[in-house]
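Residue numbers (this note's numbering), protein chains in the order written: chain A, 1 to 369; chain B, 1 to 369. Note that CB positions come from ideal geometry on N, CA and C, so glycine has one too. Each remark here refers to the structure printed beneath this line.
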């Protein structure tokens with residue numbers, strides 16, 4: 001049961017968040033009215049799709065296929081839906097309900113066991129460790145498999161990517177066993193600078209991929225699956241069964257297209273600023289992982305009590321309307337706390353040095369000293 | 001294989017539709033940019049929901065529960081998703097995969113067998129006839145049932161409603177057998193004038209209901225399920241598994257709220273104009289079913305060849321930018337064609353007499369005579 005003090009704190013947090021004007025992380029706070037107005041202006045003359053066909057949606061799907069170098073793409077309301085649809089197609093074709101996954105993947109951690117509950121799939125774990133899976137992990141899963149999934153980066157492992165060589169070796173191991181390789185690319189756009197290869201080159205190693213339009217691209221929501229024509233056509237039928245075939249997906253399609261325009265060209269910059277910021281934070285006494293970061297996001301650890309740091313973040317937000325970071329949680333080591341930090345356009349606009357200065361002042365409690 | 005002539009015709013149709021300025025049916029053509037701009041203005045100061053919590057979404061859900069007289073409601077991207085989520089909850093609680101449905105219901109006709117394919121449910125048909133199901137139909141399905149569904153109105157039966165007495169008798173039959181009754185209320189808002197009872201009175205006869213925010217309410221998309229607190233809370237978990245829990249549903253929530261403001265107060269008027277229009281069309285030689293219409297929508301039959309009438313509709317659209325009706329299809333009786341007509345704000349603005357005049361002129365080919 002939450003106490004009255006907990007409830008009062010939660011109310012303070014909500015009020016402070018609603019009043020938030022700027023943030024050091026991501027692309028800054030979303031202003032709903034301004035966002036909708038911007039979308040209206042962007043596509044004032046656009047034609048709406050009708051139940052998934054035509055209009056802005058068709059144009060966006062063509063753009064996604066072109067970027068990812070695939071035959072086809074289908075835009076869907078969410079990644080949870082997108083991945084189930086395409087994995088079901090692979091599983092049916094392979095005649096195996098066994099899907100190889102990382103134990104820390106979104107499919108395992110954040111989806112309430114949707115793959116088993118809705119599709120009768122069996123999740124076979126490649127690894128539970130904070131690292132990308134290897135050909136040896138795959139070899140430990142003998143027999144027929146419906147598909148192998150790879151999350152780029154592994155978010156709950158600390159936004160970790162494989163090297164290009166490790167990635168190609170893993171893809172070859174899937175190929176050798178003739179098992180379809182599917183990329184969970186929720187943050188694929190953010191992964192190309194470190195991998196040193198284009199989107200099409202990365203996706204070209206796999207049989208299908210899912211990409212997301214919020215997160216790094218800053219859209220309102222939305223996802224897509226990309227792959228061969230017939231696989232995507234079959235995925236669309238599962239999309240309908242899931243309830244993802246709306247009268248129109250116009251606002252999300254417009255928002256996704258805006259995200260591709262606004263943020264895709266800046267992914268290398270977001271990564272560079274993350275590397276620069278990680279160095280500045282390390283110099284100030286924080287610990288970073290991975291160091292240097294593989295993408296625009298990393299974990300940071302500080303030798304502070306979680307309640308103290310969260311209280312300081314809230315006081316700072318209330319007095320300045322500036323959000324410093326997401327909430328911190330206690331780390332394994334007593335007295336240390338941890339959070340995730342994502343670099344976006346807001347971070348870049350302020351600059352790594354200034355962000356590090358403001359953040360450490362609040363996080364380490366040295367404000368005014 | 002489509003011929004070159006087919007393709008040329010389809011291109012003409014698409015171009016004509018894109019240029020459409022007014023329509024005799026529904027709420028008129030959607031102008032995407034204008035629609036998004038209107039939404040931005042409506043809720044410029046609104047707070048966005050985050051993964052289904054808070055903001056405009058929470059306010060909308062409270063409004064739906066209040067209107068329908070239920071403990072709780074959950075807003076979802078689509079009706080296909082909404083109904084699966086709540087029917088799965090009932091089915092699990094009843095420990096029966098057997099769901100009683102009408103053979104012409106949306107669940108059977110338009111959803112690619114999603115209930116069996118995703119939830120392992122067995123669809124038990126109450127009837128395949130163009131009428132609402134009866135207690136006798138239910139008695140023909142002995143044994144344990146997960147839920148009974150009732151589509152109000154039965155769209156593919158010609159937008160048919162039961163009388164209030166028949167509805168209460170059917171609900172009592174479900175209640176007597178202790179089987180949850182779920183209302184497919186995609187057009188429930190449109191059904192209250194004929195039933196002569198409030199939304200809360202209609203939904204009060206059942207255990208749960210689904211409602212839609214496009215169709216009569218003219219929103220961009222979106223649906224909701226409403227019912228007891230614990231059933232809706234459990235439905236939300238299936239919503240997440242389906243992939244219906246987006247970072248924000250803001251545009252659809254804003255659009256749904258606008259629909260409730262703009263169109264809900266006019267449902268009696270839409271029904272009255274449908275009745276008036278049906279009379280005028282009958283007088284001009286068309287046949288209407290049901291006559292008088294139960295809701296704002298009805299089927300109309302004309303003694304014309306489908307190709308002729310569709311060609312005249314297209315020519316009219318090209319020369320005037322005015323859409324007369326949806327496409328016509330050949331009826332059972334040779335030489336007769338049929339289509340569905342839905343009365344909305346656009347119809348009311350022009351008036352039943354004038355709509356009947358313009359429509360019969362084009363449909364019956366008497367333009368200029």
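Among residues of its own chain, excluding the 5 on either side of residue i, which ones have a beta-carbon nearer than 6 Å to its beta-carbon?
i	result
residue 147(B)	87, 90, 99, 180, 182
residue 212(A)	79, 186, 223
residue 258(B)	42
residue 70(A)	226, 227
residue 229(A)	71, 72
residue 357(A)	none
residue 214(A)	221
residue 360(B)	284
residue 150(B)	183
Let me know if residue i comes out buried or exposed under the rule of 16 or more other beta-carbons within 10 Å of its beta-carbon.
i	result
residue 109(A)	exposed
residue 337(A)	buried
residue 22(B)	exposed
residue 198(B)	exposed
residue 333(B)	exposed
residue 221(B)	buried
residue 132(B)	buried
residue 219(A)	buried
residue 162(B)	buried
residue 28(B)	buried
residue 7(A)	exposed
residue 344(B)	buried
residue 366(B)	exposed
residue 256(A)	buried
If I measure Cβ to Cβ from residue i and keep anything under 8 Å in the same chain, skipping five residues before and after, which residues do I get?
i	result
residue 130(A)	104, 154, 157, 158, 160
residue 10(B)	2
residue 49(A)	55, 56, 57, 58, 248, 249, 250, 253
residue 291(A)	278, 282, 298
residue 275(A)	292, 293
residue 68(B)	199, 200, 203, 209, 211, 226
Quick check: the Cα distance between residue i and residue j, rounded to an integer number of angstroms?
i	j	result
residue 173(A)	residue 138(A)	8 Å
residue 166(A)	residue 217(A)	26 Å
residue 106(A)	residue 83(A)	10 Å
residue 260(B)	residue 190(B)	12 Å
residue 95(A)	residue 233(B)	35 Å
residue 193(A)	residue 85(B)	41 Å
residue 53(B)	residue 61(B)	10 Å
residue 373(B)	residue 302(B)	Residue 373(B) cannot be examined here, being either before or after the span of chain B that is shown, 1 to 369.
residue 143(A)	residue 268(A)	40 Å
residue 354(B)	residue 32(B)	28 Å
residue 368(A)	residue 280(A)	Note that residue 368(A) scores a pLDDT of 41, beneath 50, so its modelled location is shaky and nothing firm can be said.
residue 295(B)	residue 271(B)	5 Å
residue 335(A)	residue 5(A)	23 Å
For residue i, which residues in the same chain have their Cβ closer than 7 Å to its Cβ, ignoring the five residues on either side in sequence?
i	result
residue 341(A)	25, 297, 298, 300, 325
residue 351(A)	none
residue 196(A)	164
residue 328(A)	306, 309, 310, 337, 338, 339
residue 362(B)	312, 313, 316, 324
residue 171(A)	181, 205, 206
residue 321(B)	19, 20, 21, 22
residue 16(B)	314, 317, 318
residue 231(B)	86, 89, 208
residue 330(B)	306, 337
Tell me, to the nearest whole angstrom, how far the beta carbon of residue i is from that of residue j; I am working on the premise that it is less than 8 Å.
i	j	result
residue 152(A)	residue 126(A)	Incorrect: roughly 14 Å between the Cβ atoms, too far for contact.
residue 36(A)	residue 40(B)	4 Å
residue 243(B)	residue 77(A)	6 Å
residue 74(B)	residue 239(B)	6 Å
Would you verify that the beta carbon of residue i is, or is not, closer than 8 Å to some beta carbon of chain D?
i	result
residue 242(B)	You won't find chain D in this structure, because its protein chains are A and B.
Residues from the segment 32 to 56 of chain A in contact with chain B, defined by Cβ distance under 9 Å: 32, 33, 34, 35, 36, 37, 38, 39, 40, 41, 42, 43, 44, 45, 46, 47, 48, 54, 55, 56
Chain A contacts made by the segment 96 to 109 of chain B, where a contact means CB separation under 8 Å: none
Residues in the segment 73 to 97 of chain B having any Cβ partner in chain A nearer than 8 Å: 76, 77, 78, 79, 80, 81, 82, 84
Within 7 Å of chain A by C-beta, residues of the segment 209 to 233 of chain B in sequence order: 214, 220, 221
Members of the segment 15 to 32 of chain B that neighbour chain A once the beta carbon cut-off is set at 8 Å: 18, 30, 32
Interfacial residues, the segment 237 to 262 of chain B to chain A, with Cβ spacing under 8 Å: 237, 240, 241, 242, 243, 244, 245, 246, 247, 248, 249, 250, 251, 252, 254
Contact list for the segment 312 to 343 of chain B against chain A, Cβ threshold 7 Å: none
Under 7 Å (Cβ pairs) to chain A, residues found in the segment 114 to 130 of chain B: 114, 117, 118
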